[in-house]
């Protein structure tokens, strides 16, 4: 009997022990309990990017019917995004750009359409399997080509303007 009690106590300690922390604070900067906690002192990132780098951007576009206005807004703002990456502003007016300009930009677009799994749903045109997270290539909208590459590549000074590049991305980002 005593041996059974010792085994039961040891098993209880092994199972319950890892869940006991000396302190769990809800205001930890990284929001995690010990032992994964970064510690009591949070040190925010400091400094600026000093070297130009390439940027890979994946746009996840909600292509449901209720998001048409948001897709139009994204298409309208894409040139501004590309311009600011290529030619960074100096908003603090210290005579130095706020970050280093990019060396190149790759953009891919996926939709949130995962389909209905073959089940008929009254609000869906077809009971298919959706876009499945595959990079979109189909153009949609006035002035768009029918097909585009799976991802877009832009190099500053490469012959394509930020506006032209953004217009191509916008064609694929529209549902």
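Numbering (our numbering), first residue to last: 2 to 176.
Glycine residues also receive a C-beta, built at the ideal position from the N, C-alpha and C atoms.
Whether residue i touches residue j by CB criterion (8 Å)
i	j	result
residue 114	residue 140	no
residue 80	residue 176	no
residue 149	residue 173	yes
residue 83	residue 155	yes
Per DSSP, cross-strand counterpart(s) of residue i
i	result
residue 58	108
residue 155	106
residue 148	139
Buried or exposed (CB count within 10 angstroms, at least 16 for buried), residue i
i	result
residue 109	buried
residue 69	exposed
residue 97	exposed
residue 72	buried
residue 74	exposed
Secondary structure of residue i, DSSP reduced to three states
i	result
residue 166	helix
residue 176	coil
residue 121	coil
residue 53	coil
| request: Starting from the N-terminal side, write out each stretch of the alpha helix (DSSP H) that is 4 residues or longer and does not extend beyond the region 61–100. | output: Qualifying alpha helix (DSSP H) stretches, in chain order: 69–87.
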